[in-house]
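Following: one structure in structure tokens, then a few remarks.
Numbering (this note's numbering), first residue to last: 956 to 1038.
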């Protein structure tokens, strides 16, 4: 995608520079491709939930339990289970 934008753009800018100048600076849109170091403090880190987090969610969120219960019925009381 970067090379495509470089070839089409008259200024031969990369995708990060193109988006920064055409979207961020021109229209005030807060979007980055290639985050500058001064913006690192605004970024949230994503982590996978631990096994304990998943168990806790299962025990406290009744909606998740209802979905799992429906799956149980699907596999125990259906034609699929009788095959």
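Just so you know, even glycine gets a beta-carbon here, dropped at the ideal spot from N, CA and C. What you are looking at is a predicted structure, and each value in this text was computed from that prediction instead of being measured.
The Cβ atoms of residue 984 and residue 973 lie no closer than 9 Å to each other. Secondary structure of residue 979 (DSSP, three-state): helix. Under the three-state reduction of DSSP output, residue 1015 falls in the helix class. Residue 985 sits in coil when the DSSP states are folded into three classes, being neither helix nor strand.
Between residue 969 and residue 1003, the alpha-carbon positions lie close to 32 Å from each other.
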